[in-house]
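See below for the structure under consideration.
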Amino acid sequence: MRPIGVFDSGVGGLTVAKELIRQLPYEDIVYFGDIARVPYGIKSKETVIRFSIENILFLLKAQVKLICVACNTVSSVALPVIKNHFKVPIVGVINPGAREAVYATQNKRVGVIGTRGTIASRAYENEIKQLDPQVKVMALSCPLFVPFVEEGWVEGEVVLRVAREYLKPLKDSRVDTVILGCTHYPILKPVIRQVLGENVTLIDSAKQVAMEVKKILAQEGPLNKSRHSKHEFYVSDNPEWFSSLAQRFLGQPVRNVKKVK
Ligand code: DGL
Numbered sequence: 026m027r028p029i030g031v032f033d034s035g036v037g038g039l040t041v042a043k044e045l046i047r048q049l050p051y052e053d054i055v056y057f058g059d060i061a062r063v064p065y066g067i068k069s070k071e072t073v074i075r076f077s078i079e080n081i082l083f084l085l086k087a088q089v090k091l092i093c094v095a096c097n098t099v100s101s102v103a104l105p106v107i108k109n110h111f112k113v114p115i116v117g118v119i120n121p122g123a124r125e126a127v128y129a130t131q132n133k134r135v136g137v138i139g140t141r142g143t144i145a146s147r148a149y150e151n152e153i154k155q156l157d158p159q160v161k162v163m164a165l166s167c168p169l170f171v172p173f174v175e176e177g178w179v180e181g182e183v184v185l186r187v188a189r190e191y192l193k194p195l196k197d198s199r200v201d202t203v204i205l206g207c208t209h210y211p212i213l214k215p216v217i218r219q220v221l222g223e224n225v226t227l228i229d230s231a232k233q234v235a236m237e238v239k240k241i242l243a244q245e246g247p248l249n250k251s252r253h254s255k256h257e258f259y260v261s262d263n264p265e266w267f268s269s270l271a272q273r274f275l276g277q278p279v280r281n282v283k284k285v286k
C-alpha cells in the first residue's frame, strides 16, 4: 500500500506524525525533515515555497498517496501555491486548527501563536475570519519557543518567564482559546497552560490535522488494510541530531534515520 507523506522544516513535524500514528496506526508513513535548512519561520515566502516544492518532489518518489504538511510556516505561506502545483492531495495545518478554534471559543476571542512567518502571513486570522467574521483574533510570534524546545528547555523558571512575557498580550486581551500554531509548541503545553490558566482552551493543530487526513482517506481512500505499518524517516542533514531529538516529539525513539540529497 502507498504511504502517507509528511514533511516539515525539521524535527517538530514529528508532533504531527505522532498523532497520525495514533489515529491511523495501520498506515505507512514516510517523513521528511529538512534539517539542513531549518528554520523556515524566518525565511521569505519565495524561499519557503521553493523548499516545499523540493520536499514534495522527494516524497512523490516514495509514491505517497497524500501529503501532510506538518509545518505551520509552510501551511501559512506556501499551501495555496503548492496545492496548485501537484495532483496528490495536500493537507495543511491551518484550516483544521482554525476550524477547531472557532468551534471552541465561547467569547469569540481567539489567540494564535506561531513563528514570525506564520504570524506575518495572517493565514490563521484569514481562515478564522472566513469561518466566523465575528471572531476577534490576536496573533503573535514567539520566536524563542522553537530553540527552547530543541534544547530541551521545556520547563523551569527561564522558559516560564519567557512564556509570561510573550503571552501577556493574549492574557490582557482575554482570549478563551489559543491555537498552538507551530510544530514545537505542543511540547510547551504545560508551560503555556500555567501562564494562560486552566480556562483557556489550547488547540493543538497536530490532532486536528491527523483527523483531517483520516477523514480524507476514509472518503477518498485507500486506507491501509494490512495490520503492519512501516514508518520511515529521512532528513537533509545530520541523522544523529534528528534521532537525538526525535523521542521528545514522537514519544518513541527513532532509529535508522536516512540522509538524502
Ligand atoms: N516547523 C515550523 C513551524 O511549524 C517551526 C520551525 C521552523 O521555523 O522551521 O512553523
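Going by my numbering, the first residue of the sequence shown is number 26, and it counts up by one from there.
We treat Cβ as the ideally placed atom computed from N, Cα and C, and that holds for glycine.
Everything numeric in this text was worked out from a predicted model, so none of it was measured.
Start-to-end residues for the beta strand (DSSP E) that takes in residue i
| i | result |
| --- | --- |
| isoleucine 67 | Taken as a continuous stretch (DSSP letters only), isoleucine 67 belongs to no beta strand (DSSP E), as it is neither H nor E. |
| lysine 161 | 161–166 |
| valine 174 | Premise fails: valine 174 lies in the alpha helix (DSSP H), 170–175, not in any beta strand (DSSP E). |
| glycine 30 | 29–33 |
| valine 282 | Counting along the chain, valine 282 falls outside any beta strand (DSSP E), and DSSP gives it neither H nor E. |
Span of the alpha helix (DSSP H), counted from its first residue to its last, around residue i
| i | result |
| --- | --- |
| arginine 273 | 264–275 |
| leucine 39 | 39–48 |
| lysine 287 | Missing from the structure shown is residue 287; the chain here goes from 26 to 286 and no further. |
| leucine 104 | 104–110 |
| proline 215 | 214–221 |
| leucine 185 | 182–197 |
| alanine 87 | No alpha helix (DSSP H) holds alanine 87; DSSP gives it neither H nor E. |
| serine 146 | 141–146 |
Chain-order list of residues whose beta-carbon lies under 6 Å from that of residue i (same chain, five-residue window excluded)
| i | result |
| --- | --- |
| glutamate 44 | Ala231, Lys232, Ala235 |
| isoleucine 144 | Ala164, Ser166 |
| aspartate 262 | Ile60, Ala61 |
| phenylalanine 258 | Tyr56, Val279, Val282 |
| lysine 97 | Per the sequence presented here, residue 97 reads as asparagine, with lysine not at that position. Correct list, in chain order: Val118, Gly139, Thr143, Gly206, Cys207. |
| phenylalanine 173 | Val184 |
Bridge partner(s) assigned by DSSP for residue i
| i | result |
| --- | --- |
| histidine 256 | Ile54 |
| glycine 136 | Met163, Val203 |
| cysteine 93 | Val31, Val116 |
| threonine 226 | Thr202 |
Same chain only: Cβ atoms within 8 Å of residue i, ignoring 5 sequence neighbours per side
| i | result |
| --- | --- |
| valine 102 | Lys70, Val73, Ile74, Gly142, Thr143, Ser146, Ala148 |
| aspartate 156 | In the sequence as displayed, the identity of residue 156 is leucine instead of aspartate. Result list for leucine 156: Ala123, Arg124, Val127, in chain order. |
Sequence-distant residues of its chain with Cβ nearer than 7 Å to residue i (five each side left out)
| i | result |
| --- | --- |
| phenylalanine 83 | Phe57, Val285 |
| lysine 68 | Gly142 |
| alanine 87 | Pro28, Gly30, Val55 |
| isoleucine 153 | Ala123, Ala126, Val127, Val135, Val160, Val162 |
| valine 89 | Arg27, Pro28, Ile29, Gly30, Val55, Val113 |
| proline 194 | Met163, Leu165 |
| proline 211 | Thr40, Leu205, Asp229, Ala231 |
Contact with chain C by residue i, beta-carbon distance below 8 Å
| i | result |
| --- | --- |
| leucine 242 | The chain labelled as chain C is not found in the depicted structure, where only one protein chain is given. |
query = How about the region 141–149 and the region 195–213: do they share at least three Cβ pairs that are nearer than 8 Å?
reply = Enough Cβ pairs lie closer than 8 Å, so yes.
query = Is the number of C-beta pairs between the region 175–183 and the region 117–128 that are closer than 8 Å three or more?
reply = Between the region 175–183 and the region 117–128, the count of C-beta pairs closer than 8 Å stays below three; the two stretches do not touch.
key: Touch test, the region 213–224 against the region 34–43, Cβ-Cβ under 8 Å, three pairs minimum   = Touching, no, given that fewer than three Cβ pairs across the two stretches are closer than 8 Å.
message = With a threshold of 8 Å, are at least 3 pairs of Cβ atoms found where one atom belongs to the region 120–136 and the other to the region 195–203?
response = With contact defined as three or more Cβ pairs closer than 8 Å, the region 120–136 and the region 195–203 are in contact.
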